Amino acid sequence: MRLRNISGSREIIADSKYVIQDAENQKGKIRTYFEKDQPIQIEIGMGKGRFIMQMAEEHPEINFIGIEKYSSVLLRAIQKMEQNELPNLRFIRMDAEDITEVFEKGEVDKIFINFSDPWPKDRHAKRRLPSKEFLKRYDEILKKDGVIEFKTDNRDLFDFAVEQLEPAGWKAEVITYDLHHDPVLCEGNIMTEYEEKFSSIGNPICKYVIYR
Ligand code: SAM
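And the structure:
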């Protein structure tokens, strides 16, 4: 989701109280950005933030952090927060490649990855957010019994993600190739912007929940 470069978005982000600034130098202090000290769950590549905002609304007992690489996209989430301020949600603008610079070992309770960019060329496989290279980074920051939830409508990307699990030391607790028609897994499902768009044209949604 690359929106047109919106002029001034970097300045708005730099001034926003909803954004954890200079996050790579805040390791160990991330918890202090919330009113309450409670478990942290993060979404990587949150886009305009619909999913994580709804999660934060429904779960005031959890602190959420939405991570997004592009300023022009993050700006949309900030604008929504200005309309509906949530004390248990903060944002970070960064490339998730550097995620181990932000969170302490085992600090994160749960990681969500929704409709990540497929990077279809083989030579770009390392950039895919469910790749074994990224799983290694998540392994560092996720607590011992923490899980990762991943959703996508892209079957090739999902098959790749499932293949990455064993060599990286992860196991699947749940795998579905049609989330919206699974009466158990679908219950309480919060749709992301992309999920809404692709399921509305009939694409089945794949999802896994993994642990190690
Ligand atoms: N999760 C949202 C959804 O399901 O509607 C957005 C999906 S969009 C296809 C993927 C988002 O991930 C984009 O906003 C993109 O900028 C962001 N993204 C991709 N790679 C990233 C990375 N390495 N670090 C942080 N964000 C990333």
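Heads up, the sequence shown stops at 212 in the numbering used here, and the numbers go up one at a time, no gaps. Each residue gets a CB set at the ideal place from its N, CA and C atoms; glycine is no exception. Small disclaimer: the values here were computed from a predicted structure and weren't measured.
- Relative to the Cα of CYS186, the nearest Cα in the group LYS151, ALA168 and GLN164 belongs to LYS151.
- In the three-state reduction of the DSSP assignment, PHE64 falls in the strand class, which pools E and B.
- Taking C-alpha positions only, TYR138 is separated from GLN54 by approximately 23 Å.
- Counting only runs of 4+ residues, the alpha helix (DSSP H) found wholly inside the segment 7 to 68 occupies 9 to 15 and 50 to 58, in chain order.
- For PRO120, the closest of MET94, ILE148, ASP156 and PRO60 by C-alpha to C-alpha distance is ASP156.
- Annotation: the continuous alpha helix (DSSP H) that includes ARG76 extends over 71 to 83.
- Restricted to the segment 81 to 118, the beta strand (DSSP E) segments that are unbroken, complete and at least 3 residues in length are 89 to 93 and 108 to 114, listed in chain order.
- With a cutoff of 8 Å on beta-carbon distance, ILE148 and ILE113 are scored as near each other.
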